[in-house]
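Here the structure comes first, spelled out in structure tokens, and everything after it is commentary.
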Amino acid sequence: MVFLKYPSYLTYFFAATAAILGVSLLSDRLRSDHLMAIPRVVIDNLTWTRAIRQSSIDDHQYQVQIFSKDPLIMAIHPFITNDEIAHLLHVSENNFTTSLVYGGEESRFDPNKRISESAILSHDDPVVLRVEQRAKNFQGWRGNRTVIQRPTLQRYQVGGFFDYHYDWEPKRTSGNRITTFMVYLVADCEGGGTNFPYLTRPNGTEWCNIIECTEDGMDGFQGVTFKPRTGSAIFWENFYPNGSGHEGVYHAGLPVKSGVKVGLNIWSWDFSWRSDTAEADNADLPVN
Numbered sequence: 001m002v003f004l005k006y007p008s009y010l011t012y013f014f015a016a017t018a019a020i021l022g023v024s025l026l027s028d029r030l031r032s033d034h035l036m037a038i039p040r041v042v043i044d045n046l047t048w049t050r051a052i053r054q055s056s057i058d059d060h061q062y063q064v065q066i067f068s069k070d071p072l073i074m075a076i077h078p079f080i081t082n083d084e085i086a087h088l089l090h091v092s093e094n095n096f097t098t099s100l101v102y103g104g105e106e107s108r109f110d111p112n113k114r115i116s117e118s119a120i121l122s123h124d125d126p127v128v129l130r131v132e133q134r135a136k137n138f139q140g141w142r143g144n145r146t147v148i149q150r151p152t153l154q155r156y157q158v159g160g161f162f163d164y165h166y167d168w169e170p171k172r173t174s175g176n177r178i179t180t181f182m183v184y185l186v187a188d189c190e191g192g193g194t195n196f197p198y199l200t201r202p203n204g205t206e207w208c209n210i211i212e213c214t215e216d217g218m219d220g221f222q223g224v225t226f227k228p229r230t231g232s233a234i235f236w237e238n239f240y241p242n243g244s245g246h247e248g249v250y251h252a253g254l255p256v257k258s259g260v261k262v263g264l265n266i267w268s269w270d271f272s273w274r275s276d277t278a279e280a281d282n283a284d285l286p287v288n
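Per the UniProt record's numbering, residue 1 is the first one in the sequence shown, and the count goes up by one each step.
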């Protein structure tokens, strides 16, 4: 039943098998053979790119490792190239504003929960479109009502952090973020890892290039902390296959002790998602 609802899980299986064998994955093998221009939809002045089966040509290569099956969490490296990173940093440089905390319909600045700067990227930029399409290709077809939200850069200076939260919104009854990519564009920092307190750290040293494995590295935090690595990404599913939110993806951006960290968030929003209590016929607009 899982395969029927989320056929991209088959892609994950073959991707993981290839990664274990040490084979670099070609993103053009993760997409459909047919090509088509990307249609758009404009909602209250916010432009979204529809999720589609077709894609533009992208020969970027990366490797994938499945870190957890429940919740599904995958490590991708390198998800983005150095040239793409330089371009995204350049086009966003003058657009950073103070990051807000969202809850329901309210958004506010709360230094007790989040200290960072955010810059929303434009869908009209060809490099942004290429990276968006790569994210779509990776996770597979999810229906006509699933879209990529406008990707957002998050810049953390010394002392910057994002307290524990879900990317899915527990209070919503219709429409929600179903998947997350956390892409590290700049990782010239100490601290700043992405911590999942409810995950269990694996034994052995096989994952130590991706996660913190020492007590000093964990710095007193529980669970699993993914290290910021320039160009790499962490991907996770925010929901169980039955549509209920997964508590295991509760996470935080840990404080940056020195240097700077810049991350790129790519979220997929499913307009057709409904909670058990939903009555509305149409999903609400996504949280930006």
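By construction, the Cβ of each residue, glycine as well, lies at the ideal position given by its N, Cα and C atoms.
What residues in its chain sit with their C-beta under 6 Å from that of Gln222, if we drop five residues either side in the sequence? As a working note, residue 222 is residue 222 in the sequence shown. So the qualifying residues of the chain are Pro197.
Beta carbon of Glu190 nearer than 7 Å to that of Ser258: Residue mapping note: residue 190 aligns to position 190 of the sequence shown, counting from 1. Residue mapping note: residue 258 aligns to position 258 of the sequence shown, counting from 1. At the C-beta level, Glu190 and Ser258 come within 7 Å of one another.
By how many angstroms is the C-alpha of Thr200 removed from the C-alpha of Ser68? Here residue 68 is taken as the residue at index 68 of the sequence shown, counted from 1. Here residue 200 is taken as the residue at index 200 of the sequence shown, counted from 1. So the two alpha carbons sit approximately 9 Å from each other.
Let's test the definition: count the other Cβ atoms within 10 Å of the Cβ of Ile208 and tell me whether it reaches 16, buried, or not, exposed. For the purposes of this step, residue 208 is taken as the residue at position 208 of the sequence shown. The sequence given here has Cys at residue 208, not Ile. Counting Cβ neighbours within 10 Å, Cys208 comes out exposed, since fewer than 16 surround it.
Which of the three DSSP states is assigned to Gly248 in this structure? By 1-based counting over the sequence shown, the position of residue 248 is 248. Correct three-state label for Gly248: helix.
Can you grab the Cα-Cα spacing for the pair Thr194 / Gly175, in whole Å? Taking the first residue of the sequence shown as 1, we reach residue 194 at position 194. Taking the first residue of the sequence shown as 1, we reach residue 175 at position 175. Using only the alpha carbons, I get a separation of about 25 Å.
Name the DSSP beta bridge partners of Glu117, please? By one-based count along the sequence shown, residue 117 stands at place 117. Secondary-structure assignment with DSSP links Glu117 through a beta bridge to Thr98, Arg155.
Could you check what DSSP says for His123 in three-state terms: helix, strand or coil? Indexing the sequence shown from 1 puts residue 123 at position 123. Reduced to three states, the DSSP call for His123 is coil.
Please specify which runs of the beta strand (DSSP E), each continuous and at least 3 residues long, are wholly inside the UniProt domain "Fe2OG dioxygenase" (147-270), giving them in chain order. 152-156, 161-165, 174-191, 194-196, 224-226, 233-237, 251-253
For Arg274, which beta-bridge partners are listed by DSSP? Position 274 of the sequence shown, counting from 1, holds the residue named residue 274. In DSSP, Arg274 forms a bridge with Ser174.
Start and end residues, beta strand (DSSP E) containing Glu106: Working through the sequence shown from its first residue, we reach residue 106 at position 106. Its beta strand (DSSP E) spans residues 106-108.
Rounded separation between Gly253 and Glu84 - CA only: Counting from one through the sequence shown, the residue named residue 253 turns up at place 253. Counting from one through the sequence shown, the residue named residue 84 turns up at place 84. Roughly 23 Å separates the two Cα atoms.
How many angstroms separate the CA atom of Glu117 from the CA atom of Trp168? Counting from one through the sequence shown, the residue named residue 117 turns up at place 117. Counting from one through the sequence shown, the residue named residue 168 turns up at place 168. Computed Cα separation, rounded: 21 Å.
Is it true that the CB of Tyr156 sits closer than 7 Å to the CB of Lys261? To locate residue 261, count along the sequence shown from 1; it is residue 261. To locate residue 156, count along the sequence shown from 1; it is residue 156. The answer is yes: Cβ separation under 7 Å.
Whole angstroms is fine: what's the gap from Asn112's alpha carbon to Leu100's? Numbered from 1 along the sequence shown, position 112 holds the residue referred to as residue 112. Numbered from 1 along the sequence shown, position 100 holds the residue referred to as residue 100. Their Cα atoms are separated by approximately 11 Å.
When you compare each of Arg130, Ile66, Asp125 to Asp59 by their alpha carbons, which one comes out closest? The residue labelled residue 59 in the question sits at position 59 within the sequence shown. When each option's Cα is compared against that of Asp59, the closest is Arg130.
Alpha carbon of Pro170 to alpha carbon of Phe161, nearest angstrom: As a working note, residue 170 is residue 170 in the sequence shown. As a working note, residue 161 is residue 161 in the sequence shown. Looking at the two C-alpha atoms, the distance is approximately 22 Å.
Starting from the Cα of Ser122, find the closest Cα among Thr277, Asn82, Leu89, Ile210 and give me that residue. What you label residue 122 is simply residue 122 of the sequence shown in a count that begins at 1. Out of Thr277, Asn82, Leu89, Ile210, Leu89 has the C-alpha closest to the C-alpha of Ser122.
Nonlocal neighbours in the same chain, by C-beta distance under 7 Å from His187, ignoring five residues either side: Locating residue 187 in the sequence shown gives position 187, counting from the first residue. Strictly speaking, residue 187 in this sequence is Ala, with His absent from that position. Around Ala187: Pro228, Arg229, Thr230, Lys261.
If you draw a straight line from the alpha carbon of Leu21 to that of Arg108, how long is it in whole angstroms? The residue labelled residue 21 in the question sits at position 21 within the sequence shown. The residue labelled residue 108 in the question sits at position 108 within the sequence shown. Unreliable placement is indicated for Leu21, whose pLDDT of 38 sits below 50; the coordinate value is still reported in the next sentence. Their Cα atoms are separated by approximately 47 Å.
Based on the DSSP secondary-structure assignment, which residues constitute the bridge partners of Ser68? What you label residue 68 is simply residue 68 of the sequence shown in a count that begins at 1. Beta-bridge pairing links Ser68 to Ile73.
In whole angstroms, what is the alpha-carbon distance linking Arg274 and His87? Reading the sequence shown from its first residue, position 274 is the one you call residue 274. Reading the sequence shown from its first residue, position 87 is the one you call residue 87. Approximately 37 Å between the Cα atoms of the pair.
Just to check my reading of the structure: Asn238 and His246 have Cβ atoms closer than 8 Å, yes? What is that Cβ distance to the nearest angstrom? Working through the sequence shown from its first residue, we reach residue 238 at position 238. Working through the sequence shown from its first residue, we reach residue 246 at position 246. 6 Å between Cβ atoms; contact.
Checking 7 Å against the spacing of the C-beta atoms, do Ala119 and Ile266 come in under that value? The count along the sequence shown starts at 1 and reaches residue 119 at position 119. The count along the sequence shown starts at 1 and reaches residue 266 at position 266. Their beta carbons are not under 7 Å apart, which means Ala119 does not touch Ile266 by this criterion.
In whole angstroms, what separates the C-alpha of Asp163 from that of Gly192? Indexing the sequence shown from 1 puts residue 163 at position 163. Indexing the sequence shown from 1 puts residue 192 at position 192. Those two C-alpha atoms are separated by around 12 Å.
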